[in-house]
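Trainee:
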Amino acid sequence: MSVRYLVTCEHGGNRVPPPYRDYFIGHQALLETHRGYDPGALTLARQLADTLEAPLFYATVSRLVIDLNRSIGHPRLYSDATRPAPPAARREILEHHYLPYRSRVEASIAEAVAEGEKVIHVSSHSFTPELDGEVRNADIGLLYDPTRPGEADLCRRWQAALKQLAPRLKVRRNYPYTGKSDGFTAHLRHRFSPEAYVGIELEINQKHVFRGGKPWRDLRNTVAAALLHALA
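In structure tokens:
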């Protein structure tokens, strides 16, 4: 079975479309924090897509407008800024931003599966170094569903390759979140079988992003090179 690679980034920016900016009066400062977007995630997604020669799907609308990585009905689908908006406005946000993005990605996977290909999907994210007073004890997180052998195996191999290429980095599996929790990859697992779809969420500690410069470039190169090694 041939393999098709796919890279996505659901939290690539903190843009607020003009029709919804009034909802953010008093919330503007949050847009620049990890609650507004995933710093570095889109840059890393582009690196991975280039390395894999894979299509890249990404969004730059802030997760505080609507969170593309949450399921419909999830309590954090909308934020404190947009949750009080009239139902018609929330529906407009859903129809103009959430549904088109997720539908494009899902259609791309469905097309590949229909053509007899297996899809390996990497969803690029980043996490804040400290949350609610707790320091996150990892540089890189690889999130997957432990009940799907293809995902578990790929993450083990990716972790091993990272350890070989950059032993100083602490790479943890299903940290700082569990791979089975609500998210786009979890949704796609319900749609596609383990034989047809492998979905991994890549999480990078934002301390590396904020450091910038050559260390951040080197980290991106290492993550991409290790993935290639794991896929070989």
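Note that our numbering has the sequence shown beginning at 383, numbered continuously upward. Idealized CB from N, CA, C, for every residue including glycine.
#1: Please identify the residue among I582, A542 and A471 whose C-alpha is closest to the C-alpha of D404.
#2: Quick one: what does DSSP say L459 is sitting in, helix, strand or coil?
#3: Start and end of the beta strand (DSSP E) containing R503?
#4: For F574, which of helix, strand or coil comes out of DSSP?
#5: Below 8 Å on the Cβ atoms is my contact criterion, and I expect L525 with V580 to pass it. Report the Cβ-Cβ distance as a whole number of Å.
#6: Hey, V501 and I491: beta-carbon distance below 7 Å or not?
#7: Excluding the 5 residues preceding and the 5 following Y440 in the sequence, name in chain order all residues of the same chain whose CB lies nearer than 7 Å to its CB.
#8: Just confirm the distance between the C-beta atoms of P558 and R602, as a whole number of angstroms; I'd bet it's less than 8 Å.
#9: Is it buried or exposed, T464, if we count other Cβ atoms within 10 angstroms and call 16 or more buried?
#10: Return the chain-ordered list of same chain residues with a C-beta closer than 6 Å to the C-beta of S461, the five sequence neighbours on each side being excluded.
Mentor: On the basis of the supplied data:
#1: A471
#2: coil
#3: Here residue 503 is His; the residue named in the question, Arg, does not match the sequence. It spans K500 to F509 - the beta strand (DSSP E) in which H503 sits, taken as one unbroken run.
#4: In this structure, F574 counts as coil in the three-state DSSP scheme.
#5: That belief does not hold up - the Cβ atoms of L525 and V580 are roughly 12 Å apart, past 8 Å.
#6: yes
#7: T390, C391, G394, L424 and A427
#8: Not quite, the Cβ-Cβ distance comes to about 20 Å (not below 8 Å), so this is no contact.
#9: With 16 or more Cβ atoms within 10 Å of its Cβ, T464 is classed as buried.
#10: Within the same chain, Cβ atoms closer than 6 Å to the Cβ of S461 are found at L446, the five residues on either side in sequence being excluded.
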